[in-house]
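Quick note: the sequence shown uses my numbering, first residue 845, plus one each step. C-beta: ideal position from N, C-alpha, C; glycine also. These numbers come from a predicted model, not from an experiment. Okay, so here's the structure we're looking at.
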Amino acid sequence: DWHRTSSGCFVTTAAARCLSIGRFQTAKAFVLLKRLRDERMMGSDTGRVLLSAYYRAAPSLVEELDSSIDSVEIYRSIWSRYIDPTCVAIRGSNLVLAERLYTQMVEVLLFTPKEDLLRALECRCACLARQSPVRVLSD
845 DWHRTSSGCF VTTAAARCLS IGRFQTAKAF VLLKRLRDER MMGSDTGRVL LSAYYRAAPS
905 LVEELDSSID SVEIYRSIWS RYIDPTCVAI RGSNLVLAER LYTQMVEVLL FTPKEDLLRA
965 LECRCACLAR QSPVRVLSD
């Protein structure tokens, strides 16, 4: 049962808390993201390495984001540009797109200096919108 075994995603939890996203929507996101992680990404060496790095860095990353003057805008960008579209892609059975979005989110979070994160999120998402065949990613 995904609900009982779900280990929360640090950034998803922080974004939901910061943006006051409802518990039901947050729980649905956790279930979908855990499913993507466990059933798809953990099945590859690349996915395991990426997720391992993310979960090692995530607690301190969230601390840094929480203390940032732009934290609300950063979390809003993460939620609207990565978390929500990833969940929409999973619900639409587009696991390739879901994995791509989730991977890009993790890469941006891990490799972008925190002072440049908001700008990087906005730039990366503008590029994604031009590349992706899915134009409307929320329901």
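Between which two residues does the alpha helix (DSSP H) harbouring E951 extend?
L939 to F955
Tell me which residue opens and which closes the alpha helix (DSSP H) that E959 is part of.
Run containing E959: none; DSSP gives neither H nor E here.
So does the region 864-875 actually touch the region 922-940, counting three or more Cβ pairs closer than 8 Å?
yes
Checking 7 Å against the spacing of the C-beta atoms, do E906 and F854 come in under that value?
For the record, residue 906 in the displayed sequence is Val; it is not Glu. Yes, the pair counts as a contact, with Cβ atoms nearer than the cut-off.
Just to confirm, is the Cβ distance from L894 to V950 under 7 Å?
yes
Would you check if the distance between the CB atom of L880 and the CB atom of I934 is smaller than 7 Å?
yes
Simplified DSSP state of D910, which is helix, strand or coil:
helix
Identify the continuous alpha helix (DSSP H) that holds I865 and give its terminal residues.
Taken as a continuous stretch (DSSP letters only), I865 belongs to no alpha helix (DSSP H), as it is neither H nor E.
Just to confirm my understanding: we take K958, look at its own chain, exclude 5 residues before and 5 after, and list those with CB closer than 6 Å. What are they?
E908
Distance between beta carbons of Y919 and W863, contact taken as under 8 Å
It is Leu, not Trp, that sits at residue 863 in the sequence shown. At roughly 6 Å, the Cβ-Cβ gap stays under 8 Å, so L863 and Y919 are in contact.
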